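What follows is one structure encoded as structure tokens, with my remarks underneath.
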Amino acid sequence: MQRDADVEIRPEQPSDFDAIDRVVGDAFLAEFGSNSEVALVRTMRARGELVADLTLVALRDEVVVGHLAMSEVTLDGRAAGGLGLAPVAVAPALQGRGVGSALIEAALARAEAAGWRFVVLLGHEHYYPRFGFEPASPRGLTGDYGDHDGWMVRALGDFDVPSGHVRYGSAFRD
Ligand SMILES: CC(C)(COP(=O)(O)OP(=O)(O)OC[C@H]1O[C@@H](n2cnc3c(N)ncnc32)[C@H](O)[C@@H]1OP(=O)(O)O)[C@@H](O)C(=O)NCCC(=O)NCCS
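If you use my numbering, the sequence shown corresponds to residues 41 to 214, in order.
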């Protein structure tokens, strides 16, 4: 596979928002036939549910080609240093070139440096293990979206994977 992810990664800013809509919409329409994640990102942002320092864009030649959203999750109803990684999207024409990996690695490094304890996600079970994610259910970590292998967790720093029930922010439950 060609690996030419020559991208700049930085937190999103207001001038990126329209381009982010396009990238997220195009990526999810192509993959799943629905672009409802565009509204999800907008709603999270409007409600202050995005973690600003960890919600990143990938830029290539100063054009947004990827986006990754992070929001805080609760554990058994309480703040526990947990993050939900979702959604992540790369412009279809640039997928498979390491842009998604660059976004995920940057977000995990920033989250760890900031002292967050764990990250959960729902995703492709063959993609995320390369970033240290593992199925969450066997660790006793449940969520609202089933216990299949795509429900995954990664501990950060010296922290252990917690057990309990994870809940995403309100935008995910609309
Ligand atoms: C998932 C996504 C963000 C990955 O970004 P990317 O820039 O293409 O990823 P990278 O180039 O870093 O990595 C490519 C790897 O991801 C794998 N991959 C991409 N999409 C995949 C999928 N749907 N299922 C399994 N693996 C997938 C590729 O097979 C490739 O694996 P390889 O390195 O072993 O060949 C991007 O494909 C995308 O936007 N998809 C549509 C939206 C989506 O599905 N988002 C994630 C929802 S959980």
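No residue lacks a Cβ here, since even glycine has one placed at the ideal position from N, Cα and C. Bear in mind that the values here come from a model prediction, so they are computed numbers and not experimental data.
>> I need the boundaries of the alpha helix (DSSP H) containing Ser141, first residue and last residue.
In response: Start and end: 139-153.
> Between Met84 and Gly186, what straight-line distance do the alpha-carbon atoms span, to the nearest angstrom?
Replying inline: Approximately 22 Å, taken between the alpha carbons.
> If we ignore side chains and look at the alpha-carbon of each, how far apart do Met41 and Phe173 end up?
Replying inline: Note that Met41 scores a pLDDT of 39, beneath 50, so its modelled location is shaky; the value from the coordinates is reported in the next line. So the alpha carbons of these two residues sit roughly 22 Å apart.
> In three-state DSSP terms, what is Ile60?
Replying inline: In the three-state reduction of the DSSP assignment, Ile60 falls in the helix class.
>> Looking at ligand 1, does it come within less than 7 Å of Leu217, judged from the CB to the closest heavy atom?
In response: Nothing in the structure corresponds to residue 217, since the chain is present only between 41 and 214.
>> The beta strand (DSSP E) that contains Thr83, what's its start and end?
In response: According to the DSSP assignment, Thr83 belongs to no beta strand (DSSP E) but to the alpha helix (DSSP H) extending over 76-86.
> Per DSSP, which one or two residues make a beta bridge with His107?
Replying inline: For His107, the beta-bridge partners assigned by DSSP are Val97, Ala129.
>> Please tell me whether, using a cut-off of 7 Å, the distance from the CB of Ser141 to the nearest non-hydrogen atom of ligand 1 is below it.
In response: Yes - ligand 1 has a heavy atom lying nearer than 7 Å to the Cβ of Ser141.
> Closest by CA to Gly183, which one among Glu52, Asp61, Leu94, Val113?
Replying inline: Nearest in C-alpha terms to Gly183, of all of Glu52, Asp61, Leu94, Val113, is Val113.
> Less than 7 Å between the CB of Pro127 and some heavy atom of ligand 1, yes or no?
Replying inline: Checking every heavy atom of ligand 1 against the Cβ of Pro127, one is found closer than 7 Å.
>> Here's the rule: buried if 16 or more other CB atoms are within 10 angstroms of the residue's CB, otherwise exposed. What is Phe158?
In response: So Phe158 ends up on the buried side.
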